[in-house]
Amino acid sequence: MTARKKEKLRIIPLGGLQEIGKNMTVFECGDDIIIIDCGMAFPDSEMLGVDIVIPDFEYLRDRADKIRGLLVTHAHEDHIGAIPYLLQEFSVPVYASRLTLGFIENKLREHDVKGDLREIGAGDYVRLGNFTIEVLHTTHSVADALAFCIDTPVGRIFHTGDFKIDLTPIDGQRLDFSRLSQIGDDGVLLLMADSTNAGKRGHSLSESSVGVSLGNIFKATSGRIIIASFSSNVHRVQKIMDLAAENGRKIAVCGRSMENMVRIASDLGYMTIPTDSLIDIKHIKQYNDDQILIITTGSQGETMSALSRMAQGEHKQVKIKSSDTIVLSSSPVPGNEKTVSNIVNTLMEKGAKVIYNEIADVHASGHANQEELKLMQALLRPKYFMPVHGEVRHLQYHAELARQMGVPESNIIIASNGRVVEAGPSEKVKLTSETVSWGAVMVDGLGIGDVGSVVLNERKNLSEAGLVVVTVVYDKSIGEIIAGPELHTRGFIYVQEYGTILKDATGRVTKALLNASDKEYHDIEALRKICRDVLRNYFYEKLNRNPVILPVVIEI
Ligand SMILES: [Zn+2]
Ligand SMILES: [Zn+2]
Numbered sequence: 002m003t004a005r006k007k008e009k010l011r012i013i014p015l016g017g018l019q020e021i022g023k024n025m026t027v028f029e030c031g032d033d034i035i036i037i038d039c040g041m042a043f044p045d046s047e048m049l050g051v052d053i054v055i056p057d058f059e060y061l062r063d064r065a066d067k068i069r070g071l072l073v074t075h076a077h078e079d080h081i082g083a084i085p086y087l088l089q090e091f092s093v094p095v096y097a098s099r100l101t102l103g104f105i106e107n108k109l110r111e112h113d114v115k116g117d118l119r120e121i122g123a124g125d126y127v128r129l130g131n132f133t134i135e136v137l138h139t140t141h142s143v144a145d146a147l148a149f150c151i152d153t154p155v156g157r158i159f160h161t162g163d164f165k166i167d168l169t170p171i172d173g174q175r176l177d178f179s180r181l182s183q184i185g186d187d188g189v190l191l192l193m194a195d196s197t198n199a200g201k202r203g204h205s206l207s208e209s210s211v212g213v214s215l216g217n218i219f220k221a222t223s224g225r226i227i228i229a230s231f232s233s234n235v236h237r238v239q240k241i242m243d244l245a246a247e248n249g250r251k252i253a254v255c256g257r258s259m260e261n262m263v264r265i266a267s268d269l270g271y272m273t274i275p276t277d278s279l280i281d282i283k284h285i286k287q288y289n290d291d292q293i294l295i296i297t298t299g300s301q302g303e304t305m306s307a308l309s310r311m312a313q314g315e316h317k318q319v320k321i322k323s324s325d326t327i328v329l330s331s332s333p334v335p336g337n338e339k340t341v342s343n344i345v346n347t348l349m350e351k352g353a354k355v356i357y358n359e360i361a362d363v364h365a366s367g368h369a370n371q372e373e374l375k376l377m378q379a380l381l382r383p384k385y386f387m388p389v390h391g392e393v394r395h396l397q398y399h400a401e402l403a404r405q406m407g408v409p410e411s412n413i414i415i416a417s418n419g420r421v422v423e424a425g426p427s428e429k430v431k432l433t434s435e436t437v438s439w440g441a442v443m444v445d446g447l448g449i450g451d452v453g454s455v456v457l458n459e460r461k462n463l464s465e466a467g468l469v470v471v472t473v474v475y476d477k478s479i480g481e482i483i484a485g486p487e488l489h490t491r492g493f494i495y496v497q498e499y500g501t502i503l504k505d506a507t508g509r510v511t512k513a514l515l516n517a518s519d520k521e522y523h524d525i526e527a528l529r530k531i532c533r534d535v536l537r538n539y540f541y542e543k544l545n546r547n548p549v550i551l552p553v554v555i556e557i
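Okay, structure coming up:
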């Protein structure tokens with residue numbers, strides 16, 4: 002026991018700090034590593050064509066044999082989205098609640114990846130090398146979410162996962178306040194807590210109040226009701242289905258992730274579909290408008306989603322009518338505000354009534370507001386505090402709350418991705434100056450990490466200034482151009498208007514090629530360079546533009 006006391010604990014956030022997304026934290030003690038969560042993030046607008054972003058696993062590559070397990074707090078994409086990529090590389094047992102495992106299993110199947118999945122639930126203790134993890138139930142916007150209390154040789158670390166304090170959750174399962182308080186009594190060295198809503202005053206809305214608001218909408222509406230929600234919010238979707246059944250409406254489910262969720266959650270018993278209520282979206286026309294509820298994906302305005310296709314008039318089965326009431330039972334994820342307001346506008350243009358969270362209580366956040374965060378601090382009374390899951394401002398707001406709750410300034414650790422936090426020995430936690438490899442690995446189609454800054458720059462140039470292809474055919478034996486140069490452009494200039502510029506440019510390339518030296522004539526790369534340089538300079542001089550120039554030199 003005394004020997005183990007000397008061990009240090011290293012906490013390494015690989016994602017989720019100074020950002021909302023790709024949450025992943027490594028805990029390393031002696032020969033053991035455990036990981037909490039392995040999520041994805043959505044690309045920002047600069048990452049053209051990138052599908053998703055995952056954390057950099059580099060730090061784990063030399064230490065693969067130390068990894069004892071991945072513990073997953075809940076089924077949101079920013080916590081589970083990168084698991085298939087992790088398991089492609091590392092064989093790690095995955096510990097999560099039953100519903101979360103259901104979502105992970107589905108994800109692994111889609112990626113054709115096998116996993117060693119192990120179910121855990123509230124009250125369980127998991128022993129992984131130097132770590133003993135107590136599993137606690139927590140309330141969040143997805144059912145079956147967990148928090149972890151991790152006993153380590155240097156002390157106890159509490160990780161809240163994403164949480165809110167909902168006293169009237171739909172499934173009736175509150176936080177275990179007495180256990181939290183006991184844990185606090187026993188002493189918590191470090192608390193790591195969700196900061197997403199640390200800037201919001203008061204107490205977040207209970208999920209039950211959303212049910213009441215939605216119920217009022219059902220009562221007041223005679224046309225079709227179309228509700229868009231996060232598919233992962235099992236309780237919300239359940240409530241919507243129950244309301245539909247109570248109000249004599251059939252339920253049509255729309256969008257792949259919503260269909261998947263309904264299947265997984267009802268298979269596992271987390272959801273009960275009201276009897277004889279579910280209909281195929283193809284059959285909605287067989288019913289009157291006041292007998293229809295459509296529940297759909299697309300609450301974030303995602304371009305390919307069902308709701309977006311409805312708004313654009315491109316959905317096969319659902320054409321929006323002026324008598325429709327559309328409810329966005331969600332709030333825009335930071336960064337999505339514009340796309341969401343676009344979709345609201347498009348739907349309103351079609352005459353439909355649109356209800357969203359700014360005008361009615363049709364959404365409750367899954368994250369704790371200030372008073373809830375303070376309550377968590379009060380229950381656990383940590384010696385050190387490290388805000389997690391948030392952008393810089395959220396982390397700062399949360400740090401301020403901890404100060405108000407009496408955590409000394411010197412004991413508040415505002416870390417960033419890749420920065421190593423060290424705990425122990427003798428009950429000390431500090432932010433070190435050591436950083437490990439971290440970053441955003443971009444996944445584009447089947448390629449993982451092959452799209453780097455060079456490719457992104459090229460895509461940016463393409464999207465901003467277009468493409469010019471110049472084709473030249475030359476006969477190597479006589480050293481003469483026999484066809485071309487010929488210019489083709491895409492997204493560069495409107496040829497009808499700027500035709501003379503292209504003609505002029507062609508002339509310049511011809512001239513430069515004629516003036517090329519003998520040596521250059523025998524070097525295909527040199528000819529390409531001439532074409533590229535001449536055009537680049539010319540277009541910049543004439544139009545102040547930098548298109549991507551692609552010289553195609555064919556020798557015969
Ligand atoms: Zn979450
Ligand atoms: Zn999250």
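Residues are numbered in the working numbering as their position in the sequence shown, beginning at 1, plus a constant of 1.
Beta carbons: idealized from backbone N, C-alpha and C, even for Gly.
Measure the beta-carbon distance from residue i to residue j and round it to whole angstroms, keeping in mind my assumption that it falls under 8 Å.
| i | j | result |
| --- | --- | --- |
| Asp-195 | Thr-140 | The Cβ separation is near 12 Å, so there is no contact. |
| Lys-23 | Ala-83 | 7 Å |
| Val-430 | Ile-414 | 6 Å |
| Gly-508 | Gly-492 | Contact doesn't hold; Cβ gap of about 23 Å is too wide. |
| Ala-229 | Ser-300 | 4 Å |
| Asp-167 | Ser-207 | 5 Å |
| Leu-15 | Val-27 | 6 Å |
May I ask you to check if the CB of residue i is nearer than 7 Å to at least one heavy atom of ligand 1?
| i | result |
| --- | --- |
| Asp-167 | no |
| His-364 | no |
| Val-143 | yes |
| His-236 | no |
| Asp-38 | no |
| His-395 | no |
| His-138 | no |
| Asp-281 | no |
| His-112 | no |
| His-160 | no |
| Gly-367 | yes |
| His-75 | yes |
Run the proximity test for residue i: is its beta-carbon closer than 7 Å to any non-hydrogen atom belonging to ligand 2?
| i | result |
| --- | --- |
| Asp-79 | yes |
| His-489 | no |
| Asp-66 | no |
| His-390 | yes |
| Asn-24 | yes |
| Asp-163 | yes |
Rank the options by C-alpha distance to the C-alpha of residue i and give the top, closest one.
| i | options | result |
| --- | --- | --- |
| Gly-1 | Val-328, Thr-347 and Val-334 | Any answer about residue 1 is impossible in this case: the structure gives the chain only from 2 up to 557. |
| Ser-438 | Lys-339, Asp-57 and Phe-43 | Asp-57 |
| Lys-115 | Val-235, Gly-216, Gln-89 and Tyr-126 | Gln-89 |
| Gly-200 | His-395, Val-469 and Lys-461 | His-395 |
| Lys-9 | Gly-212, Tyr-398, Ile-550 and Ala-424 | Ala-424 |
| Leu-100 | Val-73, Asn-547, Gln-19 and Arg-420 | Val-73 |
| Ser-179 | Leu-515, Met-377 and Pro-486 | Met-377 |
| Pro-85 | Asp-117, Arg-62, Ser-98 and Arg-69 | Asp-117 |
| Leu-87 | Leu-102, Leu-109, Ser-98 and Gly-103 | Leu-109 |
| Leu-402 | Ser-417, Glu-373 and Val-422 | Glu-373 |
| Asp-290 | Leu-181, Ile-226 and Gly-367 | Ile-226 |
| Leu-514 | Val-535, Tyr-499, Ala-369 and Ala-400 | Val-535 |
| Leu-71 | Ile-166, Asn-458, Ile-274 and Cys-39 | Cys-39 |
| Thr-222 | Val-549, Thr-511, Ala-353 and Thr-26 | Ala-353 |
| Leu-308 | Asp-187, Asn-131, Arg-420 and Ser-330 | Ser-330 |
| Gly-391 | Lys-543, Asp-163 and Arg-119 | Asp-163 |
| Ile-555 | Val-549, Asn-538 and His-523 | His-523 |
| Met-305 | Arg-257, Ile-282, Ile-280 and Val-345 | Arg-257 |
Using C-beta distances below 6 Å, list every residue in its chain close to residue i, excluding the 5 sequence neighbours before and after it, in chain order.
| i | result |
| --- | --- |
| Met-41 | Lys-23, Ile-53, Ile-55, Glu-78, Gly-82 and Ala-83 |
| Lys-322 | none |
| Arg-152 | Per the sequence shown, the amino acid found at residue 152 is Asp instead of Arg. Around Asp-152: Thr-133. |
| Val-254 | Glu-260, Val-263 and Ile-296 |
| Arg-202 | Gln-371 |
| Cys-150 | Glu-135, Phe-159 and Ile-184 |
Is there at least one Cβ from chain B nearer than 8 Å to residue i's Cβ?
| i | result |
| --- | --- |
| Ser-330 | No chain B is part of this structure, which consists of one protein chain only. |
Which residues in the same chain as residue i place their Cβ atom closer than 8 Å to its Cβ, once the five residues preceding and following it in sequence are excluded?
| i | result |
| --- | --- |
| Leu-503 | Leu-488, Thr-490, Ile-494 and Val-496 |
| Lys-520 | Ala-527 |
Under the criterion of a Cβ to heavy atom distance below 7 Å, does residue i qualify as lining ligand 3?
| i | result |
| --- | --- |
| Tyr-288 | Absence of ligand 3 is noted for the structure shown, with ligand 1 and ligand 2 being the only ligands found. |
CB-CB under 7 Å to residue i, same chain, minus the five flanking residues each way: which ones, in chain order?
| i | result |
| --- | --- |
| Ser-233 | Ala-76, His-77, Val-143 and Met-262 |
| Gly-440 | Asp-57 |
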